[in-house]
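**Q**
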Amino acid sequence: EAGVVQSPRYKIIEKKQPVAFWCNPISGHNTLYWYLQNLGQGPELLIRYENEEAVDDSQLPKDRFSAERLKGVDSTLKIQPAELGDSAVYLCASSLGEATNTGELFFGEGSRLTVL
Amino acid sequence: SQQGEEDPQALSIQEGENATMNCSYKTSINNLQWYRQNSGRGLVHLILIRSNEREKHSGRLRVTLDTSKKSSSLLITASRAADTASYFCATETNAGKSTFGDGTTLTVKP
Chain F
121 EAGVVQSPRY KIIEKKQPVA FWCNPISGHN TLYWYLQNLG QGPELLIRYE
171 NEEAVDDSQL PKDRFSAERL KGVDSTLKIQ PAELGDSAVY LCASSLGEAT
221 NTGELFFGEG SRLTVL
Chain G
254 SQQGEEDPQA LSIQEGENAT MNCSYKTSIN NLQWYRQNSG RGLVHLILIR
304 SNEREKHSGR LRVTLDTSKK SSSLLITASR AADTASYFCA TETNAGKSTF
354 GDGTTLTVKP
């Protein structure tokens with residue numbers, strides 16, 4: 121079974137440029153998460169989807185960050201314009217959600233963003 | 254702010270020794286999970302313990318949960334060099350929100 125797939129793995133951009141990250145969750149997983157992880161720290165939740173609905177986006181900086189999950193499957197996370205402080209690893213995770221209530225999250229390898 | 258806080262921040266031991274990591278949290282939880290992350294990789298789920306459980310085992314892993322003290326511990330027995338990684342606790346609330354601590358970096362010397 122394929123795991124959570126993220127792309128690109130690495131991205132280097134100039135500040136003020138836009139960037140987008142893509143995530144394909146595990147088939148059948150209703151819940152999808154985007155986390156931000158700074159070096160030496162734990163992941164911080166940006167947004168959580170239940171199917172196509174964003175149920176928790178309280179930590180998403182909406183002035184520059186946007187996310188969508190079309191048809192409740194794949195998701196994209198966009199930053200426009202990027203700032204130096206956005207350099208981090210962006211992790212996508214998925215879970216079966218309330219259907220099984222196991223709580224286990226399956227993570228992708230992450231997208232490492234460097235803003236110059 | 255992070256819900257969970259791991260202690261210690263870094264731990265270095267010899268192969269064969271046991272490693273113990275602690276996690277403290279602030280609010281009521283539905284369950285607590287431990288994850289492992291190798292450098293440059295995503296997180297991998299290790300074990301989940303529910304709020305009504307006190308202890309759980311999985312292979313060389315032993316997790317305890319004390320809801321009265323809002324704390325958990327992860328014990329790795331007979332450690333191996335391959336156990337070198339960062340270990341994170343994550344607490345899930347009844348609303349389904351998972352919050353991670355900043356992790357313990359474990360180094361196992363061969």
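Chains as they are written, first to last, in the working numbering: chain F, 121 to 236; chain G, 254 to 363. Cβ atoms here follow ideal geometry from the backbone N, Cα and C, with glycine treated the same way. Since the structure is predicted, the reported quantities are computational estimates derived from the model, not experimental observations.
To which residues of the same chain is Pro181 (chain F) closer than 7 Å at the C-beta, ignoring the five residues directly before and after it?
**A** Here the set comprises nothing.
**Q** Name the residue from G:Thr360, G:Ser265, G:Gly349 and G:Gly269 whose alpha carbon lies nearest to the alpha carbon of Ile167 (chain F).
**A** Residue G:Gly349 is the option with its Cα nearest to Ile167 (chain F).
**Q** Using a Cβ-Cβ cut-off of 7 Å (strictly less than) and excluding sequence neighbours within five positions of Thr337 (chain G), which residues of its own chain qualify?
**A** Excluding positions up to five away in sequence, the list reads Leu359, Thr360 and Val361.
**Q** How many Å lie between Pro163 (chain F) and Val235 (chain F) at the Cα?
**A** Roughly 19 Å between the two C-alpha positions.
**Q** Do we get a CB-CB distance below 8 Å when we pair Gly192 (chain F) with the residues of chain G?
**A** For Gly192 (chain F), the answer is no, since every Cβ of chain G falls outside 8 Å of its Cβ.
**Q** What do you reckon, are the CB atoms on Ile302 (chain G) and Leu285 (chain G) nearer than 8 Å?
**A** Yes. Within cutoff.
**Q** Count the C-beta pairs between the stretch 202-211 of chain F and the stretch 155-162 of chain F that are closer than 8 Å, then say yes if the count reaches three, no if not.
**A** In short, these stretches touch, since the Cβ pair count reaches three.
**Q** Using three-state DSSP, classify Ala334 (chain G) as helix, strand or coil.
**A** In the structure shown, Ala334 (chain G) sits in a helix (DSSP, three-state: H, G or I).
**Q** CB-CB under 8 Å to Gly148 (chain F), same chain, minus the five flanking residues each way: which ones, in chain order?
**A** Leu216.
**Q** Report the rounded CA-to-CA distance for Val175 (chain F) versus Asn144 (chain F), giving the unit in angstroms.
**A** Between Val175 (chain F) and Asn144 (chain F), the C-alpha separation is close to 19 Å.
**Q** So which residues on chain F does Ser351 (chain G) lean against when the C-beta distance must stay under 8 Å?
**A** The contacting residues are Tyr153, Leu165, Gly223 and Leu225.
**Q** Inspect the beta-carbon positions of Pro138 (chain F) and Ala187 (chain F) and report whether they are closer than 8 Å.
**A** Taking 8 Å as the Cβ cut-off, Pro138 (chain F) and Ala187 (chain F) do not qualify as a contacting pair.
**Q** Any contact of the stretch 259-273 of chain G with the stretch 287-294 of chain G, i.e. 3+ C-beta pairs under 8 Å?
**A** The stretch 259-273 of chain G is not in contact with the stretch 287-294 of chain G.
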